[in-house]
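A short write-up of the structure that comes next.
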Amino acid sequence: MKRFILLLVTLFAMTNVVAQLRPDMPIPADKEVRVGQLENGMTYYIRHNEKPKGQASFYIFHHVGAVQEEDSQQGLAHFLEHMAFNGTKDLPGKKMIEYLERNGVKFGADLNAYTSYDETCYNLDNVPTANPATIDTALLILHDWSQFISLEPQEINNERGVIMEELRTRDGAGWRAMVRRNAAVNRGSKYEHRNVIGYLDGLKSFDHKALYDFYKTWYRPEYQAIVIVGDIDVDRIENKIKTLMADIPVSPADAPQKEAYLVPENEEPIVSIFSDPEMTASVMRLFIKRPALPKQYNNLIISQMYDVLNSYTSAMANDRMNEIAMQPDAPFLSAGMDSGNILGVNPTQDLTMVAVQTRDGELLRGYKAILEEMEKMKRYGFTQSEFDRTKAEFLRQAEATYANRNDLTNGQYVQTYLANYKKNTAMADAETQYNLDKQYLEALTLDDVNAWVKQLLTPENQVITVEVPKKEGLTEPTEAELLAIRSEVMASNVEAYQDNTVSEPLIPADIKLKGSPVKKTAYNEDLGTTEWILKNGVKIIVKPTQLKADEVLLQVQADGGMSQLADTEVKEGEFLPVIAAQSGVGKFSAIELNKQLAGKKAGINLYVNNYSNGMSGYCSPKDIETMLQLLYQNFTSPRFSEEDFNTTMDSYKAYVQNLTSNPDYIMQIETIKTLYSDNPRQQPLTIEALESISFENLPKTFKTLYPGANSFTFTFVGNVDLETLKPLVEKYIGSIPTSKHVLKFTDDKLRTAKGKVVNDFRTPMLQPKVSEFLLFSSDADYTLRNKQTMLLLNMALNNRYLKSIREEKGGTYGVQVSYTLSYRPEKQALLQIQFDTNEEMADELVPIVFDEIEKIATEGPEAKDINDSREYLVKQFKNTLENNGTWFGLIDDYNRHKQNLLADYEKTLNSITYDEIRDLAKKLLDSGNVIQVTMRPEAQPEADE
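Right under this line is the structure:
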């Protein structure tokens, strides 16, 4: 309570802010959302929105989760969530999934749920709303999820195996470390003893009554909220909710009440040291605990002051830490700070967290360096220049949010209303929020932020967690060492941070841009694109949209990619984008460039694939010129700093050196080697591969991949005005030099292995599991019809494996089926299937994979699977057209492959026959090309308890 009072005093002491905004003033709610409460205590939120048009999201939120479990019920809140999809009163068995999929709502993608410590949430997204019956059924499902989940004994037993395999898949070093970390931060409270999913022994043996008891005890209307947002009639929905939910009774007066599980304060730091043989990095986190703002404060202006101050301090601290990490022989590889309810575990507790990752054996050095930075912040605060850059950035973000106010999706509104129900956070309309943001950001001063950081970085209530690989030759830090360094730094002299940044133009003033005018203009009626050809031969394509007000995207693409490079240069090409991002451009390092761009939304990144390369860009419409300046500089003035190169390579080597202790990475290595017959052009990331990258060769590699502007097509999509863009394109893209050498596709002879190839191996792992990977391949032309036939086969198999392997056998949490149809280096269809399971079932499940493909190849697919998939795919295709990024693929398919997806997608999809799907499955089997990689467990020493 003392900490909370000090925080409030600090907030109210900000005289400039308080003079303009009353911290205790409530923030008015958006009038467009209908909020109400039924007599039984259930809350509802309803809003009309047309992003996407003709669809709506239906959510039911239960404000209970794993922390409500008794010790004997661990994992049952999550288990109950699974059971909600295995039958309800009005939709028994799998009728819910069958009905929704028949109407284009896909299980997993649109129909899903999650469980956490204090909450469980079920969702139906992208539900078509043209048919009132579909809306009524969606409401009926929410009704049944409130009180009427069936919990049939046989279904419970069938689900045990699925959840045990989910745990097996999840239980890696990262998850084990997270469980230990959460326990340390919440020591002394019930949260310390919960992990949400439970334990294998309990999941295998719990009594059905325990699950039923949890359900009936905690799924009650006063802890439930309905949220419905979309293209719906708000009045009709509200009336339906009132009628439909009327049979849900008021909870009895003696019903158990939720408790608030507070975490005890601690004067001396709590220290948790965890080592694991599968851990891939050395990481230290320092947490400083404090009470969260009470719920009644969260819809007041003081709550937003609190959030902005936390964001300010974290942003400026992170800039400092990134600057240190890029120095030669830096004490850490990366570091960062965050503040708020950052773990998402305990709603009564907020945290300030500083995290640092170091090379193995250097954790104490990194820990000391980060403590010194915290001391600098506490004693000297931040500088005016740091504050001004952060202010400019936050004002830009507020402007962007306001500009995009009419482009908010159903999902974005849903999250706002869920947060209001959970925490009482504000849900203001865009105009109100923007005005508040501007007022507060303009009133806030450097002194306010520096006073705030002193309240965040206190010596009390600290928790120090250490996570390191458990391996020979690496000694764990001890608690005594950590506490000794802490005492040393607190008593030491530290110097204030110096910021010497000077604002300069991105392109030096002495560089004269010659430019190149547009000599030819063409308009594409099919796509709504304008094409310009500059006098120097460079092609520009522009697709103006109104999909997102504050977004313009750029794609710069050429054929070529790593196929232009020798075998020994492939890793240089692969890493060129990483090195460029860490090195900056022109005279500016990456850190300096970030400072120069404060208050602007603009960026350019390189990319290099096997057979294409280029750049991608983004900007606000008002920052298009800045993006084009960055583009010009990236082409003409790439920055090659040996110092930054060495820092980047050292960082990656530290990252890679422990990866081979991770079973999932070993599986990845073995899969790549098997797929490509250990081809030198397709090798996993290793220390040896990193050491093969030559700094001296980077300029040559860059010149090979980026010889001149005329190798590339420059495509703009977004809120762009042609008349504004045209002179900027002529000036900046027109000034990028061209070259006689034009990039083109080169066949590098990289092929997937042919015939039957098996790699069955064992590797040590703490949580025993078997990972299976299968790849079927055959020749196939790259046509829209073949792409969609592959997609329908893919979805049919997903449905079959869901039933046969997950539900009937309980053998896996999920089978992932994916496909690729490629046109280079060869025309080929690839069908990929992978899943995790236990060793007892692995050899039983693999034949089922083949049997299901064989069944389709012999009998054809089930009509229901295909018809349901068509409904979903047509809906999804229309939804993707609402995203600017989708249009790059549509434009490329049109120009490169003469495929007009806008005109032909739905027509072609609906014309594909069951026989075509059958024939494709048969072709994949008959080709005889099957690659199978199986990873099995070997015993390994246990992790720390």
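Residue numbers for the sequence shown follow our numbering, beginning at 254 and rising by one. Glycine included, C-beta positions come from ideal geometry on N, C-alpha and C.
Endpoints, beta strand (DSSP E) assigned at residue i
i     : result
L464  : It is not in any beta strand (DSSP E) - L464 instead sits in the alpha helix (DSSP H) that spans H461 to W471.
P590  : It is worth fixing the name first, because residue 590 is Met in this sequence and not Pro. Per DSSP, M590 belongs to the beta strand (DSSP E) from S587 to G593.
V536  : S535 to P544
G839  : Unbroken run through G839: none, as it is neither H nor E.
Y297  : T296 to H301
E1115 : Segment: none, E1115 is in no beta strand (DSSP E) and carries neither H nor E.
D812  : V805 to D812
S525  : I523 to D529
A608  : Q602 to T611
F967  : T966 to G971
E1012 : Here the sequence assigns Asn to residue 1012, which means Glu is not the residue at that position. Per DSSP, N1012 belongs to the beta strand (DSSP E) from K1009 to P1017.
G289  : R287 to Q290
Residue i - containing alpha helix (DSSP H), residue span
i    : result
V706 : L699 to L709
T422 : P406 to R423
R434 : A426 to V438
N575 : I554 to A578
Y234 : Beyond the ends of the chain as shown, which are 254 and 1198, falls residue 234; an answer cannot be given.
K796 : Careful: K796 lies outside any alpha helix (DSSP H), inside the beta strand (DSSP E) at K792 to P797.
R489 : V487 to L497
Q400 : P385 to Q400
T977 : L975 to Y985
A330 : L329 to M336
Close beta carbons around residue i, own chain, < 7 Å, minus the five adjacent residues each side
i     : result
P952  : F893
N866  : A811, G813, G814, Y860 and L958
T711  : I541
P281  : A681 and T685
R828  : According to the sequence provided, residue 828 is Phe. The question's Arg does not apply to it. Result list for F828: I946, in chain order.
G455  : Q327 and G328
D1157 : L1037
6 Å Cβ shell around residue i - same chain, five flanking residues per side excluded
i     : result
V288  : Y298
E1124 : G357
N863  : G814 and M815
V536  : Q610 and E720
I450  : G328, H331 and L420
E518  : N714
A568  : T643
F647  : L694
F1130 : Y1158
Contacting residues, own chain, Cβ-Cβ under 8 Å from residue i (five flanking each side not counted)
i     : result
Q277  : The displayed chain sequence assigns Asp, not Gln, to residue 277. Excluding positions up to five away in sequence, the list reads L553, I554 and I555.
G425  : E531, N915, P916, D917 and Q1020
D1089 : E418, R421, T422, K1022, V1023, S1024, E1025, T1065 and Y1066
D466  : Q326
Beta-ladder partner(s) of residue i, from DSSP
i     : result
L1046 : Paired residues: none, contrary to the question.
F311  : L377 and I481
E1025 : F1088 and T1187
M349  : For M349, which the question treats as bridged, DSSP gives no partner whatsoever.
T368  : T373
S1075 : Q1081
F828  : Paired residues: none, contrary to the question.
I449  : It should be noted that the sequence gives Val, not Ile, for residue 449. For V449, which the question treats as bridged, DSSP gives no partner whatsoever.
S1031 : A1082
Let me know the beta strand (DSSP E) ranges lying completely inside the stretch 852 to 911, each 3 residues or longer, listed in chain order. Runs of the beta strand (DSSP E) inside the stretch 852 to 911: 855 to 861 and 865 to 872.
Note down, one range per segment and in chain order, each alpha helix (DSSP H) of at least 4 residues found wholly within the stretch 920 to 951. Listed in chain order, the complete alpha helix (DSSP H) runs (minimum 4 residues) inside the stretch 920 to 951 are 940 to 944.
With three or more beta-carbon pairs closer than 8 Å as the criterion, would you say the stretch 1177 to 1192 touches the stretch 790 to 806? No: the two stretches stay apart, fewer than three of their Cβ pairs being nearer than 8 Å.
Would the stretch 512 to 526 and the stretch 402 to 420 be scored as touching if the rule is three or more Cβ pairs under 8 Å? No: fewer than three Cβ pairs fall under 8 Å.
So, do the stretch 324 to 335 and the stretch 454 to 462 have three or more beta carbon pairs nearer to each other than 8 Å? Yes: the two stretches touch, three or more of their Cβ pairs being nearer than 8 Å.
Taking only runs that begin and end inside the stretch 657 to 736, name each unbroken alpha helix (DSSP H) of 4 or more residues, in chain order. Counting whole runs of 4 or more residues, the stretch 657 to 736 contains the alpha helix (DSSP H) stretches 663 to 676, 683 to 696 and 699 to 709.
Can you check the stretch 1114 to 1169 for any alpha helix (DSSP H) of at least 4 residues that lies completely inside it and give the ranges in chain order? Segments of the alpha helix (DSSP H) lying fully in the stretch 1114 to 1169: 1116 to 1133, 1139 to 1150 and 1154 to 1164.
Contained beta strand (DSSP E) runs [length at least 3] in the stretch 747 to 782, N- to C-terminal order: Taken in chain order, the complete beta strand (DSSP E) segments of 3 or more residues contained in the stretch 747 to 782 are 771 to 777.
Okay, do the stretch 1146 to 1158 and the stretch 980 to 987 touch, 3+ Cβ pairs below 8 Å being the bar? Verdict: no, contact absent.
Three or more beta-carbon pairs under 8 Å between the stretch 998 to 1013 and the stretch 1184 to 1191, yes or no? Verdict: yes, contact present.
At least three beta-carbon pairs within less than 8 Å, the stretch 484 to 500 to the stretch 687 to 699: Because the criterion of three Cβ pairs below 8 Å is not met, the stretch 484 to 500 and the stretch 687 to 699 do not touch.
Is it the case that the stretch 1022 to 1037 contacts the stretch 1081 to 1090, given that we only count it when at least three CB pairs across the two stretches are under 8 Å? Enough Cβ pairs lie closer than 8 Å, so yes.
Evaluate contact between the stretch 575 to 585 and the stretch 836 to 856, counting only Cβ atoms and requiring at least three cross-stretch pairs below 8 Å. They touch, by the three-pair rule.
Does the count of Cβ pairs from the stretch 365 to 375 and the stretch 306 to 314 closer than 8 Å reach three? Because the criterion of three Cβ pairs below 8 Å is met, the stretch 365 to 375 and the stretch 306 to 314 touch.
Could you tell me whether the stretch 338 to 353 touches the stretch 393 to 408, using the rule of 3 or more Cβ pairs below 8 Å? Result yes; three or more Cβ-Cβ pairs closer than 8 Å.
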